[in-house]
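Engineer: Sharing a structure, written as structure tokens. Questions coming.
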Amino acid sequence: MINPTIPQPIRVVVMSDPHLSCQNERHLQQWQNALLMAKNQAPDLYLIAGDLTEKGLKEEAELFKQSLAGLDKPCLFVPGNHDLGNKRLNGKEGEISSLKIKNYRTNFGPDFLAKNYFGWQFICLNSQLLQSGLKEEKKQWEFFKDQLAIDCPKIILMHTPLYINSPDEAGGSYWNAEPEIRQEMLTIIRDKQVLALISGHLHRLVINQGVSLFLSVPPLSFGLPDFHLGQSFLTLDLDLRNLHWEMHSIESLYTKI
Ligand SMILES: [Fe+2]
């Protein structure tokens with residue numbers, strides 16, 4: 726009998742940014758091809774780092790959820806800015822709001838949650854909420870602190886990375902977390918057995934080693950800055966001492982311009 730409190734070696738597939746919509750056959754085909762390839766890697770678990778859909782519409786959410794029906798292992802996913810709005814900067818149109826969160830919860834399910842599989846705690850956060858000042862942010866923060874207090878190794882999943890090049894970089898942009906909340910996050914996760922913080926959003930692979938491993942995984946829709954490059958997913962083989970990652974590329978259906 727396996728003791729569930731001792732983390733077991735596991736394989737996790739990490740995918741991001743499928744940007745599914747009922748109008749975009751190319752993204753759907755690439756996503757389906759990627760799921761097929763991912764299944765062949767025999768993972769124990771799937772993680773999807775947001776921008777599940779193009780606009781977070783009900784019909785898009787249905788398309789996304791239907792696409793997961795063939796997976797025979799658990800799958801956790803988080804919202805991206807395309808699913809429930811950009812981070813709050815100055816009240817611009819398209820930013821996250823309580824109404825958009827409500828719609829996301831109706832269409833997709835919880836925007837933050839945690840699950841334990843094989844002794845590993847997977848903490849899924851709504852990165853768009855960070856420093857939003859919305860009432861939902863406080864609840865997520867309390868939830869996050871409770872999760873970090875659990876005595877076991879952890880993986881954090883969220884859409885927008887805390888930073889791209891440096892923990893001290895500027896905010897005010899679309900691509901990273903604001904400096905104040907970033908520093909709070911970096912402080913709070915220190916010495917809490919966080920093996921990796923996984924994000925997407927950048928549409929290219931970016932890896933940083935700081936108080937944890939920060940892994941922004943590649944997209945499955947379009948690459949940046951070149952749409953036809955970089956469509957890939959990662960496998961992570963985790964044990965208590967090592968995190969081994971490998972990138973698996975799919976054929977892009979975008980042609981070179
Ligand atoms: Fe995206």
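Numbering (the working numbering), first residue to last: 726 to 982.
Glycine residues also receive a C-beta, built at the ideal position from the N, C-alpha and C atoms.
Out of curiosity, what's the CA-to-CA distance linking Trp866 and Thr980?
Structural biologist: Residue numbering aside, residue 866 sits at position 141 when the sequence shown is read from its first letter. Residue numbering aside, residue 980 sits at position 255 when the sequence shown is read from its first letter. About 43 Å.
Engineer: Keeping to the same chain, check which residues put their C-beta closer than 6 Å to that of Gly925; ignore five residues upstream and five downstream.
Structural biologist: The residue labelled residue 925 in the question sits at position 200 within the sequence shown. Ser741, Asp742, Ala774, Gly775, His884 and Val942, listed in sequence order.
Engineer: Assuming Lys879 and Ile906 are in contact, meaning their beta carbons sit under 8 Å apart, how far apart are those beta carbons, in whole angstroms?
Structural biologist: Working through the sequence shown from its first residue, we reach residue 879 at position 154. Working through the sequence shown from its first residue, we reach residue 906 at position 181. Actually they are not in contact, since the Cβ atoms of Lys879 and Ile906 sit about 19 Å apart, beyond 8 Å.
Engineer: Work out the CA separation of Phe837 and His807 for me, nearest whole Å.
Structural biologist: For the purposes of this step, residue 807 is identified with residue 82 of the sequence shown, where counting begins at 1. For the purposes of this step, residue 837 is identified with residue 112 of the sequence shown, where counting begins at 1. Those two C-alpha atoms are separated by around 16 Å.
Engineer: Leaving aside the five residues before and after Ser977 along the sequence, list all residues of the same chain whose C-beta is less than 6 Å from its C-beta, in chain order.
Structural biologist: Sequence index remark: in the sequence shown, residue 977 carries index 252 (1-based). Closer than 6 Å at Cβ, skipping near neighbours: His953 and Gln956.
Engineer: Mapping the DSSP letters down to three states, classify Ile727 as helix, strand or coil.
Structural biologist: Here residue 727 refers to the residue found at position 2 of the sequence shown. Confidence is the limiting factor: at Ile727 the pLDDT is only 49, short of 50, which leaves the residue's position unreliable and the question unanswerable from this model.
Engineer: Trp970 to Lys840, Cα distance in whole Å?
Structural biologist: Counted from its first residue, the sequence shown places residue 970 at position 245. Counted from its first residue, the sequence shown places residue 840 at position 115. Going by the C-alpha atoms only, they are around 21 Å apart.
Engineer: Can you tell which of Lys864, Trp845 and Lys780 has the C-alpha that lies nearest to the C-alpha of Pro732?
Structural biologist: Translated into the one-based positions of the sequence shown, residue 732 becomes position 7. Ranking Lys864, Trp845 and Lys780 by Cα distance to Pro732 puts Trp845 first.
Engineer: Taking Cβ positions, are Pro768 and Val803 nearer each other than 8 Å?
Structural biologist: Residue mapping note: residue 768 aligns to position 43 of the sequence shown, counting from 1. Residue mapping note: residue 803 aligns to position 78 of the sequence shown, counting from 1. Not a contact, by the Cβ cut-off of 8 Å.
Engineer: Identify which residue in Phe833, Leu959 and Asn851 has its Cα closest to the Cα of Leu968.
Structural biologist: Stepping through the sequence shown from its first residue, residue 968 is reached at position 243. Here the closest residue by C-alpha is Leu959.
Engineer: Would the beta-carbon of Ala902 fall within 8 Å of that of Leu855?
Structural biologist: Here residue 902 is taken as the residue at index 177 of the sequence shown, counted from 1. Here residue 855 is taken as the residue at index 130 of the sequence shown, counted from 1. Yes.
Engineer: To the nearest angstrom, how far is it from the Cα of Leu824 to the Cα of Lys817?
Structural biologist: Stepping through the sequence shown from its first residue, residue 824 is reached at position 99. Stepping through the sequence shown from its first residue, residue 817 is reached at position 92. Distance between the alpha carbons of Leu824 and Lys817 is about 15 Å.
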